[in-house]
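Chains as they are written, first to last, in my numbering: chain A, 1 to 169; chain B, 170 to 589.
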């Protein structure tokens, strides 16, 4: 009899804790989630860029979702150089073909994958980009070659709307 | 704190004190028995309290004019500097006050390291102190973001990106911290909110820090347990109050020098350029007080390990009371520890220096050696030293070596340095 009573009490305690935990969670989650990107931030998902004025060997930088995007029109030598790199030399192996669908145009987030600085164009030991913050060197395909960055610069989702316009996002 | 039988002399005082014993607390604070040999390194607790109050008061007044919005923050700071009555003064006090706060806290921490103030029975005081120090760094970092200059923006970008090193959830956490896909207006407004909140959290922890201090009482330069109250102690008021007050005046001279003569020397010129998400300044450096940890971060070639090393360098301090195996507190009686102590001081200064230099070539090599030594000191040298070191004989009381003649020549010889 006494044992049965304790069990009933135990059940009530456990049920109370469980309901309490769900209740606390339901109140805490909105407080946490309010810090995530809001609807107005998410709405700025894509941007269109006119690239008709970009000459070979030049890079333009555009802002997409608050971040810089590099659009480089590569020269023939640069394309050859980017394609000639052997995969086992790379810290984060990715073929140039996979990074630049149209080899003439390299489109990538101009954000160092180490701690988020903007790498400098045409600097560093690999003829590509160099991050001034902590010394990461990227090649002409935006792949990490030397320094603390763990991965290649990210290629965002993009498409050519027509010959002169790139839509990012 | 417990052995207190205080009765206010006035009837009203007694009536009030019976209902809320504030007068007992005040009496405890004035009579609080303090070791009579405390030197000037012990005055930095009071100085730090002054720094906290200064930051809160100047911060409140700045907040009356500052606008936390990405489009207006930079201009509102210039508005404070040019238009607001004495705005320049209040802002320079606040900005340099942060540096002064850290200057004082580093002296305070290194005093504890020298005299073993973190050891039993004062571990909780020490750990609360480390939490305060962490909160100070968070507050200083977020405060530096508010003017929305280039260093603000890119400092915020780099520091928040540290969290992206966490496997799997890292990127999600960074987006959550930013409230977007980059550091932007939502980041600024929440940093302002937290920058406003943290000083009051620190204030609360300072009360706990002092409460925990008043249980065992102050450590002292000799590092022995003393009887309280006794010939070895003096009441806090007026003795320590006057001494702390004098030290505070000296400190304020240094403070005022920075505010009035070189208000921007500790800052960075790039922060007078408005934040530009497309251009990273050529050379990003944090404020001077974070440089040693920045050097540790950069000395590790792997992103995740670099972040772990940097955090460990701070958190290792929290377990210091258990890493230091020596029962003797004061370095005065630990001839070997005293030497390692000064090597550590030099090591941290070197880390600070290379943290301000580009992370390449010789600087990188020095940073790596200094980082390795930093951890070696805490993880290897301190635990072993407690067992191997031959310590000097301790006096029985503070008074003994001075009035009674010491059985210990080293103490008599050290008398001068103790008195300082």
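Beta carbons are placed, not taken as given, at the ideal position from N, Cα and C, and that holds for glycine.
{"Check": "Element boundaries [alpha helix (DSSP H), containing residue 593 (chain B)]", "Outcome": "With chain B covering 170 to 589 only, the question about residue 593 (chain B) has no answer from this structure."}
{"Check": "Residue 134 (chain A) versus residue 147 (chain A): straight-line alpha-carbon distance, rounded", "Outcome": "8 angstroms"}
{"Check": "Cβ-based contacts, 8 angstroms cut-off: residues of the stretch 441 to 461 of chain B near chain A", "Outcome": "446, 447, 448, 449, 450, 451, 452, 453"}
{"Check": "Partner residues on chain B for residue 36 (chain A), Cβ-Cβ distance less than 8 angstroms", "Outcome": "344, 345, 348"}
{"Check": "Coarse secondary structure for residue 589 (chain B), derived from DSSP in three states", "Outcome": "For residue 589 (chain B), the pLDDT reaches just 48, beneath the cut-off of 50, and the residue's location in the model is therefore unreliable, although a value from the coordinates is still provided. Reduced to three states, the DSSP call for residue 589 (chain B) is coil."}
{"Check": "Alpha-carbon spacing of residue 92 (chain A) relative to residue 70 (chain A), whole angstroms", "Outcome": "20 angstroms"}
{"Check": "Cβ-Cβ separation, residue 115 (chain A) to residue 170 (chain A) (assumed contact under 8 angstroms), whole Å", "Outcome": "Residue coverage of chain A in this structure runs from 1 to 169, which leaves residue 170 (chain A) outside it and unanswerable."}
{"Check": "Bridge-paired residues (DSSP) for residue 62 (chain A)", "Outcome": "A:69"}
{"Check": "Those runs of the alpha helix (DSSP H) which lie wholly inside the stretch 451 to 528 of chain B and span at least 4 residues", "Outcome": "460 to 468, 472 to 484, 489 to 492, 504 to 524"}
{"Check": "Closest Cα partner of residue 224 (chain B) within the set B:258, B:206, B:250, B:568", "Outcome": "B:258"}
{"Check": "Alpha carbon of residue 410 (chain B) to alpha carbon of residue 525 (chain B), nearest angstrom", "Outcome": "38 angstroms"}
{"Check": "Three-state secondary structure (DSSP) of residue 204 (chain B)", "Outcome": "strand"}
{"Check": "Backbone CA spacing between residue 67 (chain A) and residue 254 (chain B) [nearest angstrom]", "Outcome": "38 angstroms"}
{"Check": "Residue 210 (chain B) versus B:456, B:480, B:279, residue with shortest Cα-Cα distance", "Outcome": "B:279"}
{"Check": "Beta-bridge pairing of residue 318 (chain B) - partner residues as DSSP gives them", "Outcome": "B:443"}
{"Check": "Beta-carbon contacts of residue 415 (chain B) that lie in its chain and below 6 angstroms, excluding the five residues immediately before and after", "Outcome": "none"}
{"Check": "First and last residue of the uninterrupted alpha helix (DSSP H) at residue 354 (chain B)", "Outcome": "354 to 383"}
{"Check": "Counterpart residues of residue 108 (chain A) in DSSP-defined beta bridges", "Outcome": "A:70"}
{"Check": "Inter-residue spacing [alpha-carbon to alpha-carbon] between residue 589 (chain B) and residue 293 (chain B)", "Outcome": "Its pLDDT being 48, under 50, residue 589 (chain B) is placed unreliably by the model, and nothing is read from it."}
{"Check": "Spatial distance of residue 516 (chain B) from residue 543 (chain B) (CA atoms)", "Outcome": "7 angstroms"}
{"Check": "Coil, strand or helix - residue 390 (chain B) by DSSP", "Outcome": "coil"}
{"Check": "Residue range of the unbroken alpha helix (DSSP H) whose run includes residue 180 (chain B)", "Outcome": "180 to 188"}
{"Check": "7 angstroms Cβ shell around residue 318 (chain B) - same chain, five flanking residues per side excluded", "Outcome": "243, 439, 440, 441, 442, 443, 444"}
{"Check": "Residue from A:37, A:76, A:153, A:64 with nearest C-alpha to residue 58 (chain A)", "Outcome": "A:76"}
{"Check": "Exposure label - residue 22 (chain A); buried when at least 16 CB within 10 Å", "Outcome": "exposed"}
{"Check": "7 angstroms Cβ shell around residue 342 (chain B) - same chain, five flanking residues per side excluded", "Outcome": "332, 335"}
{"Check": "Member of B:447, B:420, B:419, B:456 whose CA lies at the smallest distance from the CA of residue 434 (chain B)", "Outcome": "B:456"}
{"Check": "Contact residues within the stretch 512 to 540 of chain B, judged by C-beta distance below 8 angstroms to chain A", "Outcome": "527, 528, 529"}
{"Check": "Beta-bridge pairing of residue 592 (chain B) - partner residues as DSSP gives them", "Outcome": "The displayed coordinates of chain B run from 170 to 589. Any statement about residue 592 (chain B) would go beyond what the structure contains."}
{"Check": "Option in B:493, B:290, B:245 with minimal Cα separation from residue 555 (chain B)", "Outcome": "B:493"}
{"Check": "Cβ pair residue 548 (chain B), residue 468 (chain B) closer than 8 angstroms", "Outcome": "no"}
{"Check": "Top-ranked residue by Cα proximity to residue 273 (chain B), from B:458, B:466, B:520, B:530", "Outcome": "B:458"}
{"Check": "Residue-level contact to chain B via CB, residue 156 (chain A), 8 angstroms cutoff", "Outcome": "no"}
{"Check": "Proximal residues of chain A, C-beta to C-beta of residue 327 (chain B) below 8 angstroms", "Outcome": "115, 116, 117, 133"}
{"Check": "Cβ shell of residue 149 (chain A) (< 6 angstroms), same chain only, five flanking positions each side left out", "Outcome": "112, 113, 114, 136"}
{"Check": "Of the listed residues B:201, B:265, B:499, nearest to residue 423 (chain B) (C-alpha basis)", "Outcome": "B:265"}
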